[in-house]
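Residue numbers (my numbering), protein chains in the order written: chain A, 5 to 476; chain B, 5 to 476. Quick reminder that beta carbons are idealized off the backbone N, C-alpha and C, glycines included. Nothing here was measured: the structure is a model prediction, and the numbers come from that model. Remarks on the structure that follows.
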């Protein structure tokens, strides 16, 4: 019997009609069953008379499936396969954990350290492979990337593939998807998966000269269903409904609500769902939003967003390290490092981006390539500290602002200020050891002795210090 | 005939009763006349049967005076004196100039570079003289200082003098001022004057254990009139009605309005009048306020305050360079330098303070002493640049935020960001030279060539740069 590893992709291919318009005329789903459980999964047309069904099994053991279609040759096809345990770095999809955090489905913690390469997947194989190589040695475990190509400053090149049949000059046939485009996108998502990187896949965005930002409702909906049918089986997908949804003037709030509900209805895996703002926040309280995906320069506001939405707060765009003239893309590596610490030490998550001018306009934030900045290695240092900790941390007051697990562990970021002393208020009846972290120099220095209760701690009178306080 | 230099103090002493309570029972004013002009000036009791009248003549030539009193020996005393031209650094009192700026009465520009030593004048002669020595070689031409002593962290010492007769233990006789206190205060104000430093004299403040923050209305009013009678003749006085007026819970807004009106009515010189907030701003639109005196961390907001109040915007407290644990007192010298530039290059004025911990609690912000920080020499560098400029500068857009004089001169601060290029929009028909200022390294580098119209200027990709753009 066919064997498939848990949380990988079971795929079956069927042959059917290639006449008419298979994208609109052929209906195909499969029901995957294990014991009393049935999971309906949409199939999709992949060109050349080929139809596919992809399924990510989330439990071990034997599964069966039966197809249903309005086409005889695709209807009532059945199969059986066995799901084997996950191996290696396969921990399953990322889920919300303890209201404000994330973990993989197998319980492994996931501290979200995202970066942004909006259209790295539209740059041709040479650059794309360089990007993957860079990511492999980077601190990042999530990447914000667009399905559609991007039109913007430093982004004037044409993509290699387009999602629909047709051309920019002669128009698109929005009823026919271009399989080559999707094969390429899938390959890149799989590449990311193999690097343990979540693909925070941006479904719509406003930076467009091709028309994809203002398709009609029928096209939008078909596009979403097709995307879900093709990609939901990749365990490392997060659905990001938009980059800067509020700049997409052709869409209403009702449109966004509908998009969420379509994906929520059709995605068998129930991947994470978010939507990213420019100025105005979407109402992240809506039930189909799993986490707030935020653009704001101060991730230290995480406690506000957490309590406002009661979901994980991910500041996906807090400005980028770089030197372009736009204010969102010219903060220093020191400033971005500060913002990371400020977010994490307030119970939030923060995303990276880099916008250093390049003679060929290869700016990481959009096209990938290599990293030039001073923040990534500091972000890795922070990630190492988070992963060495006992678990997700939440805001807690210990005389100063911190995040932690009461009576056990605290991480306090002292920020750009340079106080020489910090008045701490630790629990009276627990003894703690304290380490002083220089977040910029990446040093960790133990303070002699153990501590409890209320006292003044001497700290180096310089900016960017943090404290790690651990039960002795 | 007695000769007095313009804008210095003409003082006459009269002998009168020392029985009863001369502070409350004796009325004394003098009318100073020159040609058709009459200036009424309040006299004051200085102890030991001595009464004084102080007058700051603001025009040259012959002046006469006649006293009026309810006491015969003080009534109808007359005199004549000649006012000679101002010499040396005597430029008269500071006045508002061109709505948003300041100049001395003789037309000399005054760019306000303030510092803060709240109670330097309550520390005894040794430390006070050290403070004067420090100020002499500092970039500061204004100092925020309190009449009353201060009770606060790092401020637990008793002052040498108290403003009223009595003791803390046995209570104050609020109807009797203590001449020794006032002699000392006057001496220090005169010392500042001789260093060309404006005394931004804080009349009330909330940090008090002696009762001065909650005197009754009659006492408050008598205190204000007495203060004005004694001090208004010092040309370097600015009246600051409060430090953090909104923390003085015993006072209402009506009290503050009344205080302003009392001083406005009695001050013959019409010195500048401001009032400083903690959280809530006083309504600086009120007619008796000459400039907004602000506590806010971002002096880059100056354009907002300017347009809100149509008066000079002085951010007197934007946090202090130092290392105390309180957030208002532990920013770096780099950050304070940044805030200075941000304020000045937005048409505002900014004040300094320093709070480095000291083994004997001698923190500059409160007690004076010596300066330890890295910002003062950068503030001097900025002051030199301001004083080398053609005059006061106002917000103007040249593609980027700047302040300047249209078609003539612009100062643009590029801030903590590190863009490598700035898109400038200068007038088309004027040719400009451009200098790049490193505000932290204190270097000024000319850019080759001349510039006009719209173009991208390459700038060093590092924080804290500024541009000086001058008509060629």
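- For residue 428/A, the enclosing beta strand (DSSP E) covers residues 425–429.
- Under DSSP, residue 23/A forms no beta bridge with any residue.
- In terms of beta-carbon proximity, residue 426/A lines the interface with chain B, with at least one pair separated by less than 9 Å.
- Annotation: the continuous alpha helix (DSSP H) that includes residue 390/B extends over 379–392.
- In the structure shown, the three-state DSSP call for residue 325/A is strand.
- The beta-carbon distance between residue 320/B and residue 355/B, rounded to whole angstroms, is 4 Å. This is short enough to meet the 8 Å contact definition.
- Taking 9 Å as the threshold, the shortest C-beta distance from residue 435/B to chain A does not fall below it.
- Only exposed fits residue 435/B, as fewer than 16 other CB atoms lie within 10 angstroms of its CB.
- Secondary structure of residue 406/B (DSSP, three-state): strand.
- Within chain B, the residues 423, 425, 426, 427 have their CB atoms less than 7 Å from the CB of residue 329/A, given in chain order.
- Between the stretch 418–433 of chain B and the stretch 464–475 of chain B there are three or more C-beta pairs closer than 8 Å, enough to call the two in contact.
- 9 Å or more divides the Cβ of residue 369/B from the Cβ of residue 166/B.
- Counted as a single uninterrupted DSSP element, the alpha helix (DSSP H) harbouring residue 268/A occupies residues 257–270.
- Counting C-beta pairs with one atom in each stretch, the stretch 66–74 of chain A and the stretch 23–37 of chain A have three or more that are closer than 8 Å, which means they touch.
- At a beta-carbon threshold of 9 Å, none of the residues of chain B lie near residue 443/A; the nearest stands roughly 15 Å away.
- Here residue 296/A is buried: its Cβ has 16 or more other Cβ atoms, across all protein chains shown, within 10 Å.
- DSSP places residue 232/A within a helical segment (H, G or I) once states are collapsed to three.
- Contact between residue 90/B and residue 186/B is ruled out by a C-beta separation of about 26 Å, above the 8 Å threshold.
- Minimum Cα-Cα distance from residue 452/B among the listed residues 58/B, 463/B, 437/B, 62/B corresponds to 437/B.
- Under the DSSP assignment, residue 284/A falls outside any beta strand (DSSP E); it carries neither an H nor an E label.
- Within the DSSP secondary-structure output, residue 203/A pairs in a beta bridge with 147/A, 241/A.
- The alpha-carbon of residue 388/A is positioned some 15 Å away from that of residue 112/A.
- Here residue 399/B carries a strand assignment [DSSP, helix/strand/coil].
- Separation of residue 340/A and residue 155/B (C-alpha to C-alpha, rounded to the nearest whole angstrom) is 40 Å.
- Put simply, of 63/B, 202/B, 403/B, 255/B the residue whose alpha carbon is nearest the alpha carbon of residue 209/B is 255/B.
- The beta carbon of residue 404/A lies closer than 6 Å to those of 416, 426 in the same chain, with the five residues before and after it left out.
- Residue state for residue 124/B is assigned as helix, using DSSP reduced to three classes.
- Within the stretch 335–356 of chain B, contact with chain A at the beta-carbon level (separation under 7 Å) is assigned to 335, 336, 339.
- Sixteen is the threshold: since fewer than 16 other Cβ atoms of the shown chains lie within 10 Å of the Cβ of residue 258/B, the residue is exposed.
- Contact annotation: in the stretch 453–476 of chain B, residues whose CB is within less than 7 Å of a CB in chain A are 465, 467.
- Not a single C-beta of chain A is nearer than 9 Å to the C-beta of residue 399/B.
- Annotation: the stretch 69–126 of chain B contains the following complete segments of the beta strand (DSSP E) (minimum length 3 residues), in chain order: 82–88, 98–101, 105–108, 117–120.
- In the DSSP assignment, residue 442/A forms a beta bridge with 447/A, 469/A.
- Residue 296/B is bridged by DSSP to 317/B.
- The stretch 296–315 of chain B makes contact with the stretch 92–111 of chain B, as at least three CB pairs between them are under 8 Å.
- Residue 342/B counts as buried, since at least 16 other C-beta atoms from the protein chains shown sit within 10 angstroms of its C-beta.
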